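A short write-up of the structure that comes next.
Numbering (the numbering used here), first residue to last: 7 to 160.
Below, the structure is given as structure tokens:
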């Protein structure tokens with residue numbers, strides 16, 4: 007079982023494309039949770055956000071980097087994704103008959119947990135979340151779809 011949940015906490019409605027690309031450098035704050043079987047990384051609140059609450063995760067980074075990892079997995083290569091808010095850890099994605107994902111400490115290379123998920127299930131969940139993200143951008147500020155940071159997801 008794989009599940010991704012996220013919420014954007016940035017107001018993207020008034021930002022220009024130039025500001026987003028050059029000043030924000032494609033960072034969109036929010037909350038992001040990745041659940042794989044019995045293990046998880048990140049956090050996404052179940053209750054309504056408080057006014058002005060900012061998330062610590064970069065939602066666009068998560069979606070883009072997981073997508074990049076999927077491309078490498080399809081080539082039969084492993085892919086290591088640095089975690090930004092848990093900066094002592096990486097997610098290591100390894101191809102086999104299924105997809106193995108390890109939470110690995112950067113220094114010691116100790117594995118905190120390992121989970122296996124069906125590769126097609128991972129791909130479907132990621133694509134569903136990318137589509138949802140693109141829909142939100144389309145509704146909120148469609149000019150951002152031209153961003154060098156978002157365009158690769160389309």
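Virtual Cβ for every residue (Gly too), placed ideally from N, Cα, C. For clarity, every value in this text was computed on a predicted model and none was experimentally measured.
Identify, in the order they occur along the chain, each residue of the same chain with its Cβ nearer than 7 Å to the Cβ of residue i, setting aside the five sequence neighbours on each side.
i           : result
residue 142 : 14
residue 19  : 146 and 147
residue 38  : 12, 48, 50, 63, 65 and 68
Could you name the residues of the same chain whose beta carbon sits closer than 6 Å to that of residue i, not counting the 5 residues immediately before and after it, in chain order?
i           : result
residue 117 : 108 and 110
residue 26  : 150 and 153
residue 9   : 41
Does residue i come out as helix, strand or coil in the three-state DSSP assignment?
i           : result
residue 13  : strand
residue 96  : strand
residue 145 : helix
residue 68  : helix
residue 154 : coil
residue 25  : helix
residue 74  : helix
Using C-beta distances below 8 Å, list every residue in its chain close to residue i, excluding the 5 sequence neighbours before and after it, in chain order.
i          : result
residue 90 : 63, 64 and 67
Whole-angstrom Cβ separation of residue i and residue j, contact assumed at under 8 Å?
i           : j           : result
residue 1   : residue 99  : Because the chain spans 7 through 160 in this model, residue 1 falls outside it and cannot be assessed.
residue 129 : residue 76  : 6 Å
residue 43  : residue 131 : No, residue 43 and residue 131 are not in contact; Cβ-Cβ is about 13 Å, not under 8 Å.
Taking only the alpha-carbon atoms, compute the straight-line gap between residue i and residue j and give it to the nearest angstrom.
i           : j           : result
residue 159 : residue 70  : 7 Å
residue 113 : residue 78  : 23 Å
residue 95  : residue 81  : 24 Å
residue 52  : residue 12  : 10 Å
residue 133 : residue 140 : 10 Å
residue 104 : residue 35  : 31 Å
**Prompt:** Where are the beta strand (DSSP E) runs, 3 residues long or more, that stay fully inside the stretch 76 to 139, in chain order?
**Reply:** 85 to 88, 95 to 101, 105 to 111 and 117 to 123
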